[in-house]
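Inspection log for the structure reproduced underneath, given as structure tokens.
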Amino acid sequence: MIAPALQRQLEDVLGDRVRFEAPMARHTSLGVGGPADALATPADRDELAALLALLAEEGVPHLFLGKGFNTLVRDEGVEGVVIQLIRLRRIEERPGGRLRVEVGVSHAQLTRFCIERGLAGLEFGAGIPGTVGGWLAMNAGIGTREMVDVVREVEVMSPSGRHRRHLVQDTLRFGYRSLRGLAPGSALISTLLEVTLAEPEHVRAEVERLLARRAATQPLDIPSCGSVFKNPPGDFAGRLIEAAGLKGEHVGGAEISSVHANFITNRGDATARDVLELIELARRRIAEASGVELETEVQIVGRTS
Ligand SMILES: Cc1cc2nc3c(=O)[nH]c(=O)nc-3n(C[C@H](O)[C@H](O)[C@H](O)COP(=O)(O)OP(=O)(O)OC[C@H]3O[C@@H](n4cnc5c(N)ncnc54)[C@H](O)[C@@H]3O)c2cc1C
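With this note's numbering, letter number 261 in the sequence shown gets 264, and the count goes up by one each step, no holes.
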């Protein structure tokens with residue numbers, strides 16, 4: 004809980020762009036989890052810098068959230084301030100086949116922009132729900148292509164809000180569904196992405212092909228967080244889960260999808276505890292059956308007690 008005096012200071016910085024005791028189930032695609040002490044959506048870089056400076060001064064923790072499509076918030080909620088940069092939504096074309104894209108841009112907005120302008124290279128992201136900030140932090144992608152293949156530069160703000168830097172690609176440590184090497188609590192602000200000129204109809208056709216393939220293989224009409232586990236080297240988490248007979252397994256309102264075994268869905272009344280227990284059950288059974296230790300892809304955040 005944020006003390007009343009600090010609540011007033013936060014409102015001085017953010018106006019009505021801060022809310023207290025904000026239910027995170029409403030801000031994450033799985034639809035589970037307790038409240039954040041505060042949820043802030045700064046208007047621009049200056050407001051973000053002022054917010055981070057205040058939090059650093061007061062010793063209040065913060066974490067970033069895009070649209071919550073790969074985040075699981077525990078039922079005990081989140082201590083401190085969750086910061087969503089969803090108001091940073093500019094896309095600018097730059098010379099030489101580059102796009103400067105702010106992190107609050109959504110997958111749908113960017114895909115539309117690329118189709119309208121006839122820009123190819125980012126079609127793979129069309130069905131990866133979320134924001135460009137989440138894409139960067141997760142090195143989001145599909146089998147053939149991921150963010151590391153298109154990112155030329157990333158703009159980052161330091162955890163204290165004091166410094167802003169542009170990091171070029173070869174200094175960034177993208178890994179499998181990860182971006183490492185930034186100071187914890189750093190904000191991703193924007194990125195420079197590489198695109199090529201193409202016929203708008205070709206871009207649209209590729210987007211539609213990828214979306215159709217996804218619709219045929221993933222449970223898109225029920226709340227989930229996408230893939231729960233990372234694929235282990237040389238195998239697929241979904242294949243291991245299916246082989247262990249876990250499709251349809253459930254704990255409370257959380258269920259291992261019978262459409263795609265690496266998805267856990269919320270049947271309507273799931274709690275974060277249900278989802279976490281199901282994750283542990285799958286992990287245990289796979290370790291027993293095949294000796295593989297599955298690692299979670301979904302980002303698990305929030306108080307532990
Ligand atoms: C149906 C479905 C299908 C999916 N398919 C795919 C897929 O094919 N490939 C794939 O890679 N993923 C997939 N996902 C997962 C998800 O779409 C991606 O991980 C996406 O990148 C999440 O974006 P987000 O904005 O919702 O991120 P969030 O879940 O909000 O955040 C993810 C991480 O990014 C960090 N973050 C977000 N913004 C910032 C910022 N500005 N600064 C610092 N850190 C930040 C957060 O702290 C968190 O650790 C799927 C999810 C669903 C629900």
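Every residue, glycine too, gets a C-beta built ideally from N, C-alpha and C.
All values reported here derive from a predicted model rather than from experimental measurement.
Can you tell me the Cα-Cα spacing of Arg276 and Val21, whole angstroms? 27 angstroms
First and last residue of the alpha helix (DSSP H) that includes Ala52? 48-61
Give the DSSP bridge partners of His65, in chain order. Val84
Using beta-carbon positions only, say whether Val304 and Val76 come within less than 9 angstroms of one another. yes
With DSSP as the reference, please indicate the residues paired to Gln302 in a beta bridge. Thr74
Quick one: grab the DSSP three-state call for Ile289. The DSSP-derived three-state label of Ile289 is helix.
Using a Cβ-Cβ cut-off of 8 angstroms (strictly less than) and excluding sequence neighbours within five positions of Glu105, which residues of its own chain qualify? So the list reads Leu88, Leu91, Arg92, Arg93, Ile94, Val135, Ile192, Ser193, once near-sequence residues are dropped.
Rounded to the nearest angstrom, what separates Gly2 and Gly80 at their Cα positions? Within the shown structure, residues of the chain are numbered from 4 to 308, placing residue 2 beyond reach of any answer.
Contacting residues, own chain, Cβ-Cβ under 6 angstroms from Glu258 (five flanking each side not counted): Cβ within range, chain order: Thr268, Arg270.
The stretch 235-253 touching the stretch 215-223, judged by at least three CB pairs closer than 8 angstroms: no
Taking C-alpha atoms, which residue in Thr307, Gly100, Gly248 lies nearest to Glu320? The structure shown does not extend to residue 320, since the chain is modelled only from 4 through 308, so no value can be given for it.
C-beta contact flag for Thr274 and Asp78 at 9 angstroms: yes
Would you say the beta carbon of Ala43 comes nearer than 8 angstroms to a heavy atom of ligand 1? no
Pick from Leu185, Val198, Arg306, Val154 that is closest to His166, judged by C-alpha positions: Leu185
Separation of Pro187 from Phe177, as counted between CA atoms: 15 angstroms
According to the neighbour-count rule (16 or more other Cβ atoms, all chains shown, within 10 Å of its Cβ), is Ser260 buried or exposed? Buried, by the Cβ-count rule.
Taking a contact to mean a Cβ-Cβ separation below 9 angstroms, would you say Glu197 touches Arg155 in this structure? Cβ distance < 9 angstroms, so Glu197 and Arg155 count as in contact.
How big is the Cα-Cα spacing for Leu170 and Arg180? 19 angstroms
Euclidean distance between Cα positions of Ala46 and Arg288: Approximately 46 angstroms, taken between the alpha carbons.
Going by DSSP in three states, Ala257 sits in which element: helix, strand or coil? Looking at Ala257 - three-state DSSP - the assignment turns out to be strand.
Does the beta-carbon distance from Ile282 to Thr307 come in below 9 angstroms? no
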